[in-house]
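Accompanying notes for the structure given below.
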Amino acid sequence: MEAPSLNRNQRKLLEWLTEIAAIGEPCPYNAAIRTRLGLAHDNAGSRLLAQLEEMGLVKVESGNKWRVVTIVATGKSTKRPPAAPEPVHADPLRAARTRSAEPSPMARLLAVARDVRATAPPPAAAPAAEPQPPAPAMSELTPEPALPVEPSPAPAIEEPLLMAVEPTAPTPPAPATAAPKAPAPTGEIGIWPELSRLDAAGECSLEIMMRTAPGADARVFLSVPVDRLALTILAAAAAARVRDALLAQSN
């Protein structure tokens with residue numbers, strides 16, 4: 001029987017596999033075959049192995065991520081690589097079952113509490129409470145004497161303080177074109193509040209214009225601590241007081 005004719009790549013791969021099988025090493029992967037033989041395609045190593053197997057020169061057994069090549073001429077085989085360990089929780093259903101089988105943190109705490117309660121000494125008996133006398137009835141209670149309520153004094157209203165009376169010079173007669181105002185009769189006093197102010201401190205400044213005679217006026221300045229409600233009352237009282245003083249001077 002004639003030996004099959006091999007090309008360069010087939011011959012080099014057969015020689016390399018024979019050496020590997022003789023020393024009992026695992027079969028190289030396709031990437032290693034491509035690098036050693038200088039092949040261009042990734043699956044060129046698999047095609048060369050298939051060609052050698054068709055020629056009856058090798059026998060190939062493969063599984064999940066492993067491959068064993070037996071050289072027919074020598075009977076030697078490459079070593080089967082050890083199976084990779086199965087990744088933990090590779091199956092999501094298995095991972096879920098494993099997680100559900102593990103005790104939860106709350107279950108572990110409850111187990112620890114049970115152990116502590118089982119090993120703890122029994123609590124000491126509490127002393128008996130002394131009997132308390134019954135509470136007195138409402139009819140037996142003596143009412144406390146009520147304190148006398150004193151009426152609060154009404155706030156005193158301060159009288160207006162006369163600060164100054166400043167007589168002014170006689171006013172000149174009005175021009176002929178304007179209708180003159182009818183002067184007050186002699187001896188009669190007229191009162192005209194000209195200006196009233198209330199500052200932030202509650203102090204009221206009151207300015208009153210008083211006519212004592214025809215053509216003669218008197219200006220009165222008052223400064224009293226009042227509020228806005230009592231302003232009218234105090235103004236009337238101050239005007240009456242000033243009027244009485246002026247009438248007394250004229251007499």
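According to full-length UniProt numbering, the stretch in the sequence shown is residues 1 to 251, in order.
Yeah, the Cβ is synthetic: ideal placement off N, Cα and C, and Gly gets one too.
A quick note: this is a predicted structure, and the numbers were derived from the prediction, not measured.
With a cut-off of 8 Å on Cβ pairs, the segment 8-17 is in contact with the segment 44-61, counting three or more such pairs.
For L109, the number of other beta carbons within 10 angstroms of its own is below 16, and it is reported as exposed.
Residue pairing of K79 in beta bridges, as defined by DSSP: P26. In this structure, DSSP gives G38 a state outside helix and strand, which the three-state scheme calls coil.
The Cβ atoms of V72 and T78 lie no closer than 8 Å to each other. In this chain, the alpha helix (DSSP H) harbouring V116 covers P105 to T119.
For K59 and P82, the gap between their C-alpha atoms comes out near 20 Å. The C-beta separation of R36 from W16 comes to about 7 Å, placing the pair in contact by the 8 Å criterion. By the criterion of a C-beta distance shorter than 7 Å, S62 is surrounded by no residue of its chain, once the five residues flanking it on both sides are discounted.
Distance from the CA of P121 to the CA of Q132, rounded to the nearest whole angstrom, comes to 32 Å. G63 has W66 as its beta-bridge partners, per DSSP.
By the C-beta density criterion, A50 is exposed, having fewer than 16 other C-beta atoms within 10 angstroms. According to DSSP, residue pairing for V58 in a beta bridge involves I71. DSSP, read as helix, strand or coil, puts N9 in helix.
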